[in-house]
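In our numbering, the protein residues as written are 1 to 140. For every residue, glycine included, the Cβ atom is placed at its ideal position computed from N, Cα and C. To start, the structure itself, in C-alpha cells.
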C-alpha cells in the first residue's frame, strides 16, 4: 500500500503538493476493502511532520519524516486557499463523479463475487440477469 502525503486545500490529490511517499509492505493479499490501515500525522512546532502507517491486521508499520524544508510560506498558503475557493464547484463535481465511479466499481465487484459464490445455488435466470446488469454497469 502506497501512502502519499500531500499538502493543500484542494479536494483532489493531484491538485495539491506532494510532500512525500512511502510504501507499507508485507500486507497479505485480501479482498478489496478488507485491510484496515491506520495513518497518523504528527506535526511538531518546527514544522516537521512525522507520518506513520500501520496495518491493523498484521501490526506492520512504516513511517517517514518530512522536514521543515517542505513547509510553505504564508503567501503560498494564501494562494492555495484562494485556488481552492476558485475551484470549489469544479472540485466538488469531479469528486462526485469519482465517488459515483467508485460506487459502481464496488457494485460490480460485489455482483461478480455473488455470481461466483452462488452460481450453483441460485436460479440460472437470476444469475443471467445479474450478469447482464453487471456487464451494463461496466460499460457505463
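Alpha carbon to alpha carbon, how far is residue j from residue i? Give it in angstroms, no decimals.
i: residue 12; j: residue 91; result: 7 Å
i: residue 132; j: residue 31; result: 23 Å
i: residue 19; j: residue 73; result: 14 Å
i: residue 120; j: residue 110; result: 17 Å
i: residue 53; j: residue 86; result: 33 Å
i: residue 136; j: residue 79; result: 43 Å
i: residue 59; j: residue 5; result: 21 Å
i: residue 94; j: residue 3; result: 22 Å
i: residue 84; j: residue 113; result: 39 Å
i: residue 76; j: residue 140; result: 40 Å
i: residue 88; j: residue 82; result: 10 Å
If you follow the alpha helix (DSSP H) that residue i is part of, which residue opens it and which one closes it?
i: residue 128; result: 124–139
Could you spell out the range, first to last residue, of the beta strand (DSSP E) harbouring residue i?
i: residue 19; result: 17–23
i: residue 7; result: 2–7
i: residue 42; result: 37–43
Determine, using beta carbons only, whether residue i and residue j come nearer to each other than 7 Å.
i: residue 43; j: residue 1; result: no
i: residue 22; j: residue 56; result: no
i: residue 51; j: residue 41; result: yes
i: residue 108; j: residue 67; result: no
i: residue 115; j: residue 98; result: no
Is residue i near the ligand SAM - that is, is its Cβ less than 6 Å away from at least one heavy atom of it?
i: residue 53; result: Questions concerning the ligand SAM fall outside what the structure shown contains, since it holds no ligand whatsoever.
Entirely enclosed beta strand (DSSP E) segments - the region 46–118, minimum 3 residues: 49–55 and 61–66
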